[in-house]
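K.L.:
For the sequence shown, this note's numbering assigns the number 128 to the initial residue and increments by one for each residue that follows.
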Amino acid sequence: MELSTISERIKAVRKHFGMSQRDFADGIYLSHSFFAKIETGTRAGNHRVYELISNRYKVNKKWLLTGKGTMFDENQPDPELLELLDIMEELDPIFKACIIQQVKLMANLHRMSQAKTERLIEQSKEKTESQDAE
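Below you can see the structure in the form of structure tokens.
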């Protein structure tokens, strides 16, 4: 499906992330009504709006403006990570520090669990190989 207008391409980006117009507009600091007019094509966007979309959602600006190339820059953002960043921006510094510490602890536990699982798999393979050799 060819997206011939900027408004169609903006809508495609929003739908890709499964976001409402309101949430998408909030993510680029626009009012819902202003964004809705841009998306429906009843009002033209401007350079600032396109920059915000490109930067916030890692949209390939050339694609957004011309339809040429791919929708996203190489490193597409994770919508859940974007949501987490929005939440973190609203928190007091003490809460941010606490959450960061908890995430670090959870990441360490995850790595230790993965390492243990890998050791168990390796031990199981070695045991199977030694039994097969007998």
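C-beta: ideal position from N, C-alpha, C; glycine also.
(1) Go ahead and label Val88 buried or exposed: buried means 16 or more other beta carbons lie within 10 angstroms of its beta carbon, across all protein chains shown.
(2) Roughly how many angstroms separate the alpha carbons of Glu216 and Lys223, rounded to a whole number?
(3) Taking the beta carbon of Tyr184 as the centre, do at least 16 other beta carbons fall within 10 Å, making it buried, or is it exposed?
(4) Under a three-way DSSP split, which group does Phe199 fall into?
(5) Expressed to the nearest angstrom, what Euclidean distance is found between the alpha-carbon atoms of Gly145 and Glu245?
(6) By the 10 Å Cβ neighbour count, where 16 or more other Cβ atoms means buried, how is Ser181 classified, buried or exposed?
(7) With 16 as the cutoff for other CB atoms within 10 Å, does Val302 come out buried or exposed?
(8) Ordered along the chain, which non-local residues of its own chain (more than five positions away) have a Cβ less than 8 angstroms from that of Phe161?
(9) Quick check on Phe151 - is its C-beta less than 8 angstroms from some C-beta in chain E?
P.N.:
A quick look at the data gives this:
(1) In this structure the chain extends from 128 to 261, so residue 88 is not present and cannot be described.
(2) As a working mapping, residue 216 is identified with position 89 in the sequence shown. As a working mapping, residue 223 is identified with position 96 in the sequence shown. Lys223 has its alpha-carbon roughly 9 angstroms from the corresponding atom of Glu216.
(3) For the purposes of this step, residue 184 is taken as residue 57 along the sequence shown, with counting starting at 1. Within 10 angstroms of the beta-carbon of Tyr184 lie 16 or more other beta-carbons, which makes it buried.
(4) Residue 199 sits at position 72 when you count from the first residue of the sequence shown. It is a strand residue.
(5) Within the sequence shown, numbered from 1, the residue matching residue 145 stands at position 18. Within the sequence shown, numbered from 1, the residue matching residue 245 stands at position 118. If I take the Cα positions, the gap works out to 36 angstroms.
(6) By one-based count along the sequence shown, residue 181 stands at place 54. Its Cβ being crowded by 16 or more others within 10 Å, Ser181 is buried.
(7) The requested residue 302 is not part of the displayed model; the chain covers only 128 to 261.
(8) By one-based count along the sequence shown, residue 161 stands at place 34. Correct list, in chain order: Ala152 and Arg170.
(9) Chain labels in this structure do not include chain E; a single protein chain is all it has.
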